[in-house]
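To start, the structure itself, in structure tokens.
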């Protein structure tokens, strides 16, 4: 059964229910007086891009992933039905924070997941802190989220700009030249990745020959590509995603970047991008991720279940991470015996994260899930054994080697007390 809830953006947020309401009274008695005061549905929210450039990477697929996690745990936690709300933040921090306030204050949402926008994530993380609720970002690039603006009420579940820069730069230097020119999306997350990547390139003895910024939603990259070609850089780094990624990679192929002896190196390529562009143009390009459907039997089975929920679509890395984060949150609620934020946060940090693609990962004090990260490259057409056989896993990198070291982080929560 479903109902609809209107968000402050006047868009309709979707709501999904499961479980038996008849069990609520008995559950309240069994868990003691603290829960007897709060026996309504346990609500979580999926806040992301549902109609913009990143909607194919997150969007309604993330909602389907959250539903999968709820279903796998039986649809009820502590005898209370679990509901999933969703809304589109349109990449506007003020809209995202407004939706978050309404969800936390009016709908009694306990935790918000996904986001996939650094500006929105920073705004919503502040609201979560103020309201004593939880935000779990599936993927966002800005180092501020878990760095200088880290929060006791915020977590990052998958990749950020640091790990993408770290593994992409290392992988590129091992296989090719060390001179770079950047095409960077003109917002905070893009600037953050470019800064991280530039530091890593220079530390490895490489050179950044220049950079150009482009606006989100660019259709024609010809002028930017001409500048990059003229720079003579061995590597042209593209920092962006979604439709921008797809347009730029297609046009780079048309401009003959590879044929001219330069490499086009996207920093946030996804399996969705590879399918949209085609393996002829993307072959050999790096992909940094934590979930890939073809890794083993468990990940393949997860993909099959997801397809049933998502109209035949394959799960992306961010969508799989929404599943993982929602599942861990609900397990923590069950273990804590309450939805109280402090108790749930303590259990989330105490319990290892275990699911179909996460093994024994722990949450660091800054909210970073210290998980294994995959470094892969896009397969050439002749290497593919089917339309979804897109990636070749090159290496599995432990979280301690992939993410920003605690000693280098600007997060106050990682500093010794006293």
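In mature numbering (1 follows the signal peptide of the UniProt record, and there is no 0), the protein residues as written are -36 to -1, 1 to 382. For each residue, glycine too, the CB sits at the ideal point set by N, CA and C.
Contact under 8 Å by Cβ, residue i with residue j
i           : j           : result
residue 182 : residue 217 : no
residue 62  : residue 80  : no
residue 364 : residue 321 : no
residue 157 : residue 129 : yes
residue 305 : residue 86  : no
residue 82  : residue 161 : no
residue 10  : residue 297 : no
residue 229 : residue 132 : yes
residue 201 : residue 212 : no
residue 317 : residue 78  : no
residue 193 : residue 224 : yes
residue 56  : residue 143 : no
residue 249 : residue 344 : no
residue 150 : residue 185 : no
residue 311 : residue 325 : no
Beta-carbon proximity list for residue i, same chain, < 7 Å, skipping 5 on both sides
i           : result
residue 174 : 145 and 195
residue -30 : Low confidence applies to residue -30: its pLDDT is 40, below 50, so where it sits in the model is not reliable enough to give any reading.
residue 359 : 339
residue 176 : 147, 188 and 191
residue 19  : 13
residue 366 : 127, 130, 131 and 337
Reference residue i, options the options, closest by Cα
i           : options               : result
residue 333 : 254, 372, 305 and 266 : 254
residue 105 : 33, 120 and 91        : 120
residue 323 : 336, 263, 313 and 311 : 336
residue 15  : 54, 60, 36 and 40     : 54
residue 220 : 139, 265, 300 and 189 : 189
residue 353 : 133, 171 and 242      : 242
residue 33  : 143, 299 and 319      : 319
residue 136 : 159, 124 and 170      : 170
residue 206 : 134, 275, 40 and 232  : 232
residue 263 : 280, 276, 275 and 24  : 280
residue 141 : 155, 165 and 154      : 165
residue 124 : 73, 24 and 252        : 252
residue 163 : 368, 25 and 93        : 368
residue 134 : 155, 361 and 380      : 361
Proximal residues to residue i (C-beta, below 6 Å), its chain only, five neighbours per side dropped
i           : result
residue 377 : 114, 329 and 330
residue 313 : 327
residue 237 : 209 and 210
residue -8  : With a pLDDT of 32 at residue -8, under the threshold of 50, the predicted position of this residue should be treated as unreliable, and no value is reported.
Cβ distance (whole Å) where residue i is taken to contact residue j below 8 Å
i           : j           : result
residue 95  : residue 68  : 4 Å
residue 210 : residue 240 : 5 Å
residue 373 : residue 111 : 6 Å
residue 100 : residue 289 : 4 Å
residue 301 : residue 42  : 7 Å
residue 21  : residue 282 : 6 Å
residue 29  : residue 284 : 7 Å
residue 88  : residue 107 : At roughly 17 Å, the Cβ-Cβ gap does not stay under 8 Å, so residue 88 and residue 107 are not in contact.
Own chain partners of residue i with C-beta closer than 8 Å, once the 5 adjacent residues on each side are dropped
i           : result
residue 278 : 235, 257, 267, 270, 271 and 352
Closer than 7 Å: residue i CB and nearest the ligand MN heavy atom
i          : result
residue 84 : As for the ligand MN, it is missing from this structure, which has no ligand bound.
4-residue-minimum alpha helix (DSSP H) runs that sit fully inside the region 208 to 250, ordered along the chain:
235 to 241 and 243 to 246
Report the residue ranges of all beta strand (DSSP E) runs contained in full by the region 85 to 112; include only those spanning at least 3 residues, in chain order.
98 to 101
Segments of 4+ residues assigned as alpha helix (DSSP H) that fall wholly inside the region 146 to 197
152 to 167 and 186 to 195
Any alpha helix (DSSP H) of 4 or more consecutive residues that is wholly inside the region 283 to 337
305 to 314
Sequence ranges, beta strand (DSSP E) only - wholly within the region 25 to 55, length at least 3:
44 to 52
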